[in-house]
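The structure under discussion appears below in the form of structure tokens.
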Amino acid sequence: MSAVRAASRAFLLTWQSIFRDKAALLLFFISGIVYSFFYPLPYSAETVRRVPVAIVDQDQSALSRQLIRFAGAHPSILVVGVSTRPEAAQELVWQGEAAGAMVIPADFSRKVLAGLQPEIEVSGHGAYPLLNKVVLNGLAEVAGTVSAGIELRRLGATTASAMQAEASRQPLTVEPLPLFNVREGYASYIVPGVVVLIIQQTFLLGIGLLFGSWRSEKSFPYAPGAASYCGALTAFALVVTLNALYFFGFVFWWQDYPRGGNLIGTAVLTVLFAYSVAALGMLIGMFFRTRERSMQLLVATSLPIMFLSGLAWPMSAIPVPLQVLGWSLPSTAAIQGFIATNQMGASLHEVRMELAGLLGLMVLFVALGMRKWRRFVLPA
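Heads up: take any position in the sequence shown, counting from 1, add 306, and you land on our numbering.
Now the structure itself:
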């Protein structure tokens, strides 16, 4: 049998085995479709809005009421209670009906009229970091807006026009323009990276089922030799590639995530990622003796792998031994590379470290897998 014929036969046998095994088919393809719709669902709002807050107004002046109106108009804040007693706001926080509070002191308007700087107390619920951040930033913006209005009125009394007063208060204007994650949403930040991990982990689980079944039943379908290994490797790499095309080509468009920055770079990374993951899956699959072993050993690894990838916090904050461990997995280089090329439009030169990492892992896994293949495959 020629090498091309052996490789083609192994390629076709792989696809036949996938479609005959319902569990493997579910993991290879159906699970990705399910993940694509249900995983981004909790983050579909992208940014936190209308977080409930309580306000304690001990001043009860026109200026304090203006501050309360501004708080109610802020898109991130929902005023759920106004009282003169701090205990009432504290009770709302304890009951979970408010995520923060603002206390306007009794001498607030008096200090403003006297030209002094009053103090406003702002507090958030530290048990929920995201809500706490929104409350503190939102209430700070409200206080800053009211403070700017007071300062403009003071400057307006000493300048010829309101335009001059505004220019005197803020000689340099700042216009923030978010890049890449233009909506500054959590989903646009986390989902593009987690998708790569989903592709890798579901594939490793699926190939573990196949190899475990073949090993336990002693019915390995392939012929020995490098050609059959390469045919099976290409078939499994195509599975990874199809999943990547589905997520990067359809899901990111459907969910409207940042995408398409550098299509050529993304394509090159996809090929290297597909072959490195396929080679890793075949290598570890040959160690499984039963069908269930891949589930038992691999399911719990997804979260640690995500933390090792540098997605949850900067890679520089991870200890060096853990960085080395992370770079021994295709997902680390792929996550960093895909985010750079697909979301940020980085060139191939700018992701050369990620490309080199995937290429090195592919060569290593193929070399180890081919060596194991010779001893593992039963003669046809």
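Cβ coordinates follow ideal geometry from the N, Cα and C atoms, glycine included.
These figures come from a predicted structure and were not determined experimentally.
From which residue to which residue does the beta strand (DSSP E) around residue i run?
{"i": "S429", "result": "427-430"}
Going by DSSP, what residue range makes up the alpha helix (DSSP H) through residue i?
{"i": "M612", "result": "608-614"}
{"i": "G571", "result": "569-591"}
{"i": "F317", "result": "309-326"}
{"i": "V626", "result": "626-633"}
{"i": "M668", "result": "658-682"}
{"i": "E397", "result": "392-400"}
{"i": "S350", "result": "Neither: S350 is in no alpha helix (DSSP H) and is coded neither H nor E."}
{"i": "A538", "result": "532-551"}
{"i": "A377", "result": "368-379"}
{"i": "R599", "result": "599-604"}
{"i": "F344", "result": "337-344"}
Residue i to residue j, Cα distance in whole Å?
{"i": "M588", "j": "L539", "result": "8 Å"}
{"i": "R416", "j": "I426", "result": "13 Å"}
{"i": "A533", "j": "L485", "result": "47 Å"}
{"i": "P530", "j": "L674", "result": "15 Å"}
{"i": "Y552", "j": "W560", "result": "11 Å"}
{"i": "G514", "j": "E447", "result": "53 Å"}
{"i": "P381", "j": "L665", "result": "47 Å"}
{"i": "V545", "j": "A584", "result": "9 Å"}
{"i": "L437", "j": "L347", "result": "19 Å"}
{"i": "P392", "j": "F344", "result": "41 Å"}
{"i": "S522", "j": "I590", "result": "15 Å"}
{"i": "P435", "j": "Q401", "result": "17 Å"}
{"i": "L628", "j": "G387", "result": "48 Å"}
{"i": "L373", "j": "S367", "result": "10 Å"}
{"i": "N443", "j": "A377", "result": "12 Å"}
{"i": "P610", "j": "E598", "result": "21 Å"}
{"i": "G518", "j": "T596", "result": "4 Å"}
{"i": "R315", "j": "T572", "result": "30 Å"}
{"i": "S308", "j": "F317", "result": "14 Å"}
{"i": "Y349", "j": "R681", "result": "47 Å"}
{"i": "S342", "j": "F526", "result": "33 Å"}
{"i": "L654", "j": "N648", "result": "11 Å"}
{"i": "W520", "j": "R311", "result": "22 Å"}
Which same chain residues, not among the five before or five after residue i, have their C-beta less than 7 Å away from its C-beta?
{"i": "S370", "result": "D363, I410, F414, S415"}
{"i": "F325", "result": "L331"}
{"i": "S582", "result": "P636, L664, L667, M668, F671"}
{"i": "N487", "result": "S494, Y495, P564"}
{"i": "A686", "result": "Model confidence at A686 stands at a pLDDT of 43, short of 50, so the residue's coordinates are unreliable; what they give is reported in the following sentence. Correct list, in chain order: A529."}
{"i": "A329", "result": "L515"}
{"i": "L617", "result": "G499, I641"}
Near residue i, which residues of its chain fall below 6 Å by C-beta distance, leaving aside the five closest residues on each side in sequence?
{"i": "A646", "result": "A652, V657"}
{"i": "L604", "result": "L510, L511"}
{"i": "A313", "result": "A533, C536, G537"}
{"i": "M612", "result": "L503"}
{"i": "M650", "result": "F486, G567"}
{"i": "F558", "result": "R565"}
Bridge partners of residue i, per DSSP?
{"i": "G387", "result": "A360"}
{"i": "I410", "result": "D363"}
For residue i, which residues of its own chain have a beta-carbon under 8 Å away from its beta-carbon, when the five flanking residues on both sides are left out?
{"i": "G338", "result": "I504, I505, T508, N549, Y552, F553"}
{"i": "S634", "result": "L667"}
{"i": "T547", "result": "T576, V577, A580"}
{"i": "V497", "result": "Y345, P346, Y349, Q561, Y563"}
When you measure from the CB of residue i to every non-hydrogen atom of the ligand SAM, does any distance come out below 8 Å?
{"i": "Q507", "result": "With respect to the ligand SAM, the structure shown offers nothing to examine, as it has no ligands at all."}
Any contact of the segment 313-332 with the segment 348-359, i.e. 3+ C-beta pairs under 8 Å? no
contact_flag[the segment 419-438, the segment 390-409] where n(CB pairs < 8 Å) is 3 or more: yes
Indicate whether the contact test is met: 3 or more Cβ pairs, each with one atom in the segment 637-644 and one in the segment 490-504, closer than 8 Å. yes
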